[in-house]
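Number of protein chains: 2
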Amino acid sequence: MSIAPWRSPLKRALHRNRNQPHSRYFQLATVQINGRPTNRTVVFRGFLGQTNKLKIITDRRSDKFEQIRQQPWGEICWYFTKTREQFRLSGKIILVDSNNSDQELQTARQLVWQEISDNARIQFAWAHPGEKRANPEAFSPSLPDAIVPLDNFCLLLFEPVKVDHLELRGEPQNRWIYMINELGNWEALEVNP
Amino acid sequence: MSIAPWRSPLKRALHRNRNQPHSRYFQLATVQINGRPTNRTVVFRGFLGQTNKLKIITDRRSDKFEQIRQQPWGEICWYFTKTREQFRLSGKIILVDSNNSDQELQTARQLVWQEISDNARIQFAWAHPGEKRANPEAFSPSLPDAIVPLDNFCLLLFEPVKVDHLELRGEPQNRWIYMINELGNWEALEVNP
Numbered sequence: 005m006s007i008a009p010w011r012s013p014l015k016r017a018l019h020r021n022r023n024q025p026h027s028r029y030f031q032l033a034t035v036q037i038n039g040r041p042t043n044r045t046v047v048f049r050g051f052l053g054q055t056n057k058l059k060i061i062t063d064r065r066s067d068k069f070e071q072i073r074q075q076p077w078g079e080i081c082w083y084f085t086k087t088r089e090q091f092r093l094s095g096k097i098i099l100v101d102s103n104n105s106d107q108e109l110q111t112a113r114q115l116v117w118q119e120i121s122d123n124a125r126i127q128f129a130w131a132h133p134g135e136k137r138a139n140p141e142a143f144s145p146s147l148p149d150a151i152v153p154l155d156n157f158c159l160l161l162f163e164p165v166k167v168d169h170l171e172l173r174g175e176p177q178n179r180w181i182y183m184i185n186e187l188g189n190w191e192a193l194e195v196n197p
Numbered sequence: 005m006s007i008a009p010w011r012s013p014l015k016r017a018l019h020r021n022r023n024q025p026h027s028r029y030f031q032l033a034t035v036q037i038n039g040r041p042t043n044r045t046v047v048f049r050g051f052l053g054q055t056n057k058l059k060i061i062t063d064r065r066s067d068k069f070e071q072i073r074q075q076p077w078g079e080i081c082w083y084f085t086k087t088r089e090q091f092r093l094s095g096k097i098i099l100v101d102s103n104n105s106d107q108e109l110q111t112a113r114q115l116v117w118q119e120i121s122d123n124a125r126i127q128f129a130w131a132h133p134g135e136k137r138a139n140p141e142a143f144s145p146s147l148p149d150a151i152v153p154l155d156n157f158c159l160l161l162f163e164p165v166k167v168d169h170l171e172l173r174g175e176p177q178n179r180w181i182y183m184i185n186e187l188g189n190w191e192a193l194e195v196n197p
């Protein structure tokens, strides 16, 4: 798989906004079983190897795990506050939990676990997210192993098939749409903002 | 209708993040006719009078207009970068376009049109959003009337029924869920992050 053409403006945006830690956060929308949308902020964990798949992590106990299992389609909205530009990425999400039998994906899951901080790892041992607030002890478990991921730790791979890039700076604004065509190649089109 | 209890932490967040213009932007997720989610950045235009309905504006020619007509449910994800807190608001969206026969809502639509800048108003006279990029002339129409809204101008009213407030600062993080109960009153519950 070759690097998609939207990777270059995205790389530039990440570079230009690099002094803002929140430039690596974006909003991921998925759909509930009742057909209603949900939306939350997640952290960009880089791309998977030489692919165009974005890495995200989640807790298997979170609502989005079950939502994605039922409806794997999602849309990322990534707004860069310094350069005032937005990327909307539509695509399919692959769940890589502890039961995933694909060895390559399981290795990817372990590598991400090893890369994140102790602070990020310990949250997977905290009390069940979204349930009635537990006692403080439920938030001070012993530090999890730094090599072998906890069962609750899940890697999400987001594979875009369409990317909509909008630059608010510009008079008028600039906007491009990138889409995968029938041959599996990316095509770009400049459109009206 | 009384002011909902989540309005007070939201007001505080808006105040504490007021030096960042992007603190008034949030991501609105809706669902397409094919059941897949979409997600984009929009601008918060305040609350409607003494209600808990958030005001958003859009162009009738944008994809979300038709999406909301088919599936009025949405979720807002509002992340405040300075105080590191997130509000997720789930609710129903009311479309107030030029054909809406409710006089009170039509007046609200006109008032928002009058409040926005010339720069914001002129975009409703630009070439059709999302279509192949038009010539520069299509982006330099004459300035629209500042009193009577253009037909393309649509007010969205977002009426939350559930609000999920997460503070990333805090050890561990703090999280509250606000929901409307069967009697139409708001209830708050402190939950695990």
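Chains as they are written, first to last, in this note's numbering: chain A, 5 to 197; chain B, 5 to 197.
C-beta atoms are modelled at their ideal positions from N, C-alpha and C, and glycine is treated no differently.
Since we're looking at a predicted model, the values are computed, not measured.
Please confirm whether A/A138 has its beta-carbon closer than 8 Å to some beta-carbon of chain B. Locating residue 138 of chain A in the first sequence gives position 134, counting from the first residue. So yes, A/A138 belongs to the interface.
What residues from the stretch 47-80 of chain B come within 9 Å of chain A, judged by C-beta to C-beta, listed N to C? Q75, W77, G78, E79, I80
In chain order, what residues of the same chain have a beta carbon less than 7 Å from the beta carbon of B/P76, not counting five sequence neighbours either side? Along the second sequence, one-based indexing puts residue 76 of chain B at 72. Same-chain partners within the cutoff: K96, I97.
Would a check of beta-carbon distances place B/L115 closer than 8 Å to chain A? Taking the second sequence and counting its residues from 1, one reaches residue 115 of chain B at position 111. Cβ-Cβ to chain A under 8 Å: no for B/L115.
Does A/Y29 come within less than 8 Å of chain B when only Cβ atoms are used? Here the question's residue 29 of chain A lines up with position 25 in the first sequence. Yes, A/Y29 counts as interfacial toward chain B.
Taking CB distances under 8 Å as the criterion, tell me whether A/R40 reaches chain B. The sequence position of residue 40 of chain A within the first sequence is 36, counting from 1. Output row for A/R40: interface = yes.
Closer than 9 Å at the beta carbon, the chain B residues around A/T85: Against the first sequence, residue 85 of chain A aligns to sequence position 81. The contacting residues are Q24, P25, H26, Y29, T85.
Can you tell me whether B/F30 sits near the ligand MN, meaning its C-beta is under 7 Å from at least one heavy atom of the ligand? The model on display carries no ligand, and the ligand MN is accordingly not part of it.
Just reading off the alpha helix (DSSP H) that A/P13 is part of, what are its end residues? Looking up residue 13 of chain A in the first sequence gives position 9. Counting along the chain, A/P13 sits inside the alpha helix (DSSP H) bounded by residues 11-20.
Check A/S121 in the structure and name its three-state DSSP category. Your numbering for residue 121 of chain A matches position 117 in the first sequence. Here DSSP, grouped into helix, strand and coil, assigns A/S121 to coil.
So does the stretch 98-110 of chain A actually touch the stretch 27-34 of chain A, counting three or more Cβ pairs closer than 8 Å? Contact between the stretch 98-110 of chain A and the stretch 27-34 of chain A is not established, with fewer than three Cβ pairs separated by less than 8 Å.
Report all residues from its chain with a CB closer than 6 Å to the CB of B/N185; omit the five preceding and five following residues, and keep chain order. Residue 185 of chain B sits at position 181 when you count from the first residue of the second sequence. Hits under 6 Å: E191.
Rounded C-alpha distance that separates B/F162 from B/E171: Along the second sequence, one-based indexing puts residue 162 of chain B at 158. Along the second sequence, one-based indexing puts residue 171 of chain B at 167. Roughly 23 Å separates the two Cα atoms.
Per DSSP, A/V100 is paired with what? Along the first sequence, one-based indexing puts residue 100 of chain A at 96. Residue pairing of A/V100 in beta bridges, as defined by DSSP: A/L159.
Taking the alpha carbon of B/Q54 as the reference point, which residue from B/A138, B/N139, B/F84, B/A8 has its own alpha carbon closest? Residue mapping note: residue 54 of chain B aligns to position 50 of the second sequence, counting from 1. Comparing alpha-carbon positions, the option among B/A138, B/N139, B/F84, B/A8 lying closest to B/Q54 turns out to be B/A8.
Buried versus exposed, by CB contacts within 10 Å (16 or more), B/S122: Counted from its first residue, the second sequence places residue 122 of chain B at position 118. It is worth fixing the name first, because residue 122 of chain B is Asp in this sequence and not Ser. Under this definition B/D122 is an exposed residue.
Which partner residues does B/R44 have in the DSSP bridge list? As a position in the second sequence, residue 44 of chain B is number 40, starting the count at 1. Answer by DSSP bridge pairing, in chain order: B/L32.
For B/N185, would you say it is in contact with chain A, using Cβ-to-Cβ distances shorter than 8 Å as the test? As a working note, residue 185 of chain B is residue 181 in the second sequence. Taking Cβ atoms only, chain A never reaches closer than 8 Å to B/N185, which makes this a no.
Check for me: the beta strand (DSSP E) holding B/K59 runs from which residue to which? What you label residue 59 of chain B is simply residue 55 of the second sequence in a count that begins at 1. Taken as a continuous stretch (DSSP letters only), the beta strand (DSSP E) holding B/K59 covers 58-63.
Should B/R125 be flagged as near chain A, meaning a C-beta pair shorter than 8 Å? Along the second sequence, read from residue 1 onward, the residue named residue 125 of chain B stands at position 121. By this cut-off, B/R125 is not an interface position.
Can you name, in chain order, every residue of its own chain whose Cβ lies under 6 Å from the Cβ of B/E194, other than the five neighbours on each side? Mapped onto the second sequence, residue 194 of chain B falls at position 190. W180.
Nearest candidate by alpha-carbon position, reference A/S146, set A/A131, A/N38, A/R28: Looking up residue 146 of chain A in the first sequence gives position 142. It is A/A131.
Just how far apart, CA to CA, sit B/E108 and B/L115? To locate residue 108 of chain B, count along the second sequence from 1; it is residue 104. To locate residue 115 of chain B, count along the second sequence from 1; it is residue 111. Cα to Cα, B/E108 sits roughly 11 Å from B/L115.
Pick helix, strand or coil for A/V152, following the three-state DSSP scheme. Reading the first sequence from its first residue, position 148 is the one you call residue 152 of chain A. It is coil, neither helix nor strand.
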